[in-house]
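Each residue of the sequence shown is one higher than the last, beginning at 1 in the UniProt record's numbering.
All C-beta atoms in this analysis are idealised placements derived from N, C-alpha and C, irrespective of residue type, glycine included.
Have a look at the structure below, then the notes.
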Amino acid sequence: MSHSGLLDSISHQRERFGNDLKLHFRTNSHKIHVAFQTTYDPSNKEQQRVARQLTGIRALGDYIWILAVTSIRYTKFRTMKNFDMQLLALRTWTKDNPIPAPLEAEANSILLQMEEKQTAIFQKSRERRKTKINHQDTLGPGLPFQLEVNSNALPQEKLQFLDTIDRMCKRDQTGIARVTCIDELNDHLQRPFGKPILWRGYAKEPRLHGLPLSIPELLQKLRLLGIDSLEVYNYARTDSNYTETLDNILDHFQAPPGTRDPLNFLDIRNFFASRVPVEINEVDLLRLARRRHGTMPAPESKKSRLHVAPADNSASEPKRSASKSQKLHTLMDAADHEFLLLSSQGSISTLHGDTAGGATFITVISGRKLWYLPRNMDREASEILATFGSSTPETYNGFIKIELLPGDLLIMPPGCPHAVATPEHTLAFGGSFYTLPHLGSSLRVLAIQDRAGTIFSNEDIKEQDLINFIEMLVTCKDLLQENIIPPELLASVVSSSMCWGAVKNKQQRRIQELIQEIQGEIEKRFD
């Protein structure tokens, strides 16, 4: 099969989202006939046949790597029982059967061509879906508010979108995990929770002590810090991103409702007091990694920091100290992962995923927020968002709508698509975090965002995000070597490497190297 033929097949697969394509391969052939996309159901005879065919992948030997890099929708495999451990065994087998250099170069060429064609494929898919939507009534009775100003196309398009998903909301709340006590919250956070978690009335005023509790108080505290402007998103303007002075912001929120453009201030760092829920701090892997590395001697250069030597028990290993006289060598301030959200009445955020594969928590301080989430939150939801963006909410199997009131705590798993509406002026507090059970999912979402860009998230992946993953993977390797965590807990981390395309920078390369090193540590335990 030619390169162009394979690319055409991939393009056809992505444009026909939702229509499974059977896997066809010839064990005596030197080409893969078509990319694989299916959902395994043990009760389905046809899918049983596909599952038996999957065992034949071992016979492909050198070609397994090509299958991996060309299977854009490979995450469908994740529905198989014990798939991570099966994939680990398969990767171990392929390690003993390395790919010839010419074939690897050929596969890299295919992948680069796919990346060049990716943007056009996404755009074509979105335009094709848009033609199927016909909104007769853009302001249905289910909407939480209506805008009486700025009737130009930009706000009306947002309202039309909101109306679409509002009509798709289901009354049942099976897509949300409700908790009412610390033990229940801990139980969810200590495993790879698949549903958003909601705790009504969690963060009462004592738990928010030290944070601004009103919009005027926030602006006044920012002035004391010498800050005179904030970055704003205004979807009623074509130049939607700009900075606004604190004086104008105060005037905006004091104006009569409905007389100003809806504004969103989504990038306000928490300069005040860390108020991350204790239960989240207890499971935050990045927080643990920073504290472990903070007790180690400083590296000689930034480059050496990206190539942290593996921990061992040799006498030459630098000793760690808990003494407060010992200098810390990494920044442990969590302010870059905590933020405040300031939104005026009528502001809307269309479907998006949060950046860098982190889980996200949000607590409303004052006002109200409406959160729209897919009713069935699974790994496929992130792929849908990366493929079609926010233009096709009908692709999901319905939504759930959650009204967040002051004190409510909402926690979303990595890559969870969500849309947000603001019925009244609102101040909220939130942050991102990573957990060990979800690290494989976080790495997959990071790879999806790297591939899809702004189609998936309204933020870019930063160099610091990649360095954070390096720190967490180094910690995982250390914990594995120290027999503190079982190897099974890292199986999904190893399998996540299959999501990445061509390596773009040294941080991504280091992430791949660390995943391979972790795989090697796991393999030692199976020898």
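Assuming residue i contacts residue j under a Cβ cut-off of 8 Å, what Cβ separation, rounded to an integer in Å, is found between them?
i	j	result
residue 196	residue 405	Wrong, their Cβ atoms sit about 16 Å apart, outside the cutoff.
residue 339	residue 270	6 Å
residue 455	residue 88	With 8 Å as the limit, residue 455 and residue 88 do not qualify as a contact, their Cβ atoms being about 31 Å apart.
residue 414	residue 442	5 Å
residue 198	residue 280	Going by Cβ atoms, the distance from residue 198 to residue 280 rounds to 14 Å, so no, they are not a contact pair.
residue 417	residue 520	About 35 Å; that fails the 8 Å criterion.
residue 263	residue 241	Wrong, their Cβ atoms sit about 11 Å apart, outside the cutoff.
residue 384	residue 176	19 Å between Cβ atoms; not a contact.
residue 421	residue 370	4 Å
residue 449	residue 387	About 13 Å separates the two Cβ atoms, so there is no contact after all.
residue 434	residue 165	Actually they are not in contact, since the Cβ atoms of residue 434 and residue 165 sit about 28 Å apart, beyond 8 Å.
residue 342	residue 265	4 Å
Can you list, in chain order, the residues of its chain whose CB lies under 8 Å from that of residue i, leaving out five sequence neighbours each side?
i	result
residue 273	209, 210 and 211
residue 217	none
residue 525	487
residue 378	194
residue 472	285, 286, 289, 434 and 439
DSSP state of residue i, grouped into three classes?
i	result
residue 178	strand
residue 382	helix
residue 253	helix
residue 516	helix
residue 366	strand
residue 352	strand
residue 459	coil
residue 269	strand
residue 427	strand
residue 293	helix
residue 479	helix
residue 467	helix
residue 495	helix
residue 507	helix
residue 215	helix
residue 487	helix
residue 193	coil
residue 444	helix
residue 377	coil
residue 259	coil
residue 393	helix
residue 89	helix
residue 204	coil
residue 188	helix
residue 388	helix
Under 6 Å Cβ to Cβ from residue i, same chain only, skipping five residues before and after it: list those, please.
i	result
residue 252	260
residue 202	409
residue 363	203, 409 and 429
residue 215	253 and 427
residue 376	397
residue 447	499 and 500
residue 351	390, 417 and 419
residue 267	231
residue 161	350
residue 459	355
What are the residues that DSSP puts in a beta bridge with residue i?
i	result
residue 371	402 and 420
residue 264	233 and 343
residue 245	229
residue 409	199 and 363
residue 338	431
residue 169	399
Exposed or buried, residue i, counting other C-beta atoms within 10 Å across all chains shown (16 or more means buried)?
i	result
residue 403	exposed
residue 431	buried
residue 255	exposed
residue 187	exposed
residue 181	exposed
residue 291	exposed
residue 231	exposed
residue 553	In the structure as shown, the chain starts at 1 and stops at 527, and residue 553 therefore has no counterpart that could be examined.
residue 444	buried
residue 284	buried
residue 225	exposed
residue 468	buried
residue 278	exposed
residue 348	buried
Which same chain residues, not among the five before or five after residue i, have their C-beta less than 7 Å away from its C-beta?
i	result
residue 219	246, 249 and 250
residue 314	Bear in mind that a pLDDT of 42 at residue 314, under 50, signals an unreliable position, so the model cannot answer this.
residue 503	509 and 512
residue 191	437
residue 490	476, 480, 518 and 522
Relative to the ligand FMN, is the shortest distance from any of its heavy atoms to the C-beta of residue i smaller than 7 Å?
i	result
residue 389	In terms of ligand content, the structure shown is empty, and the ligand FMN therefore cannot be addressed.
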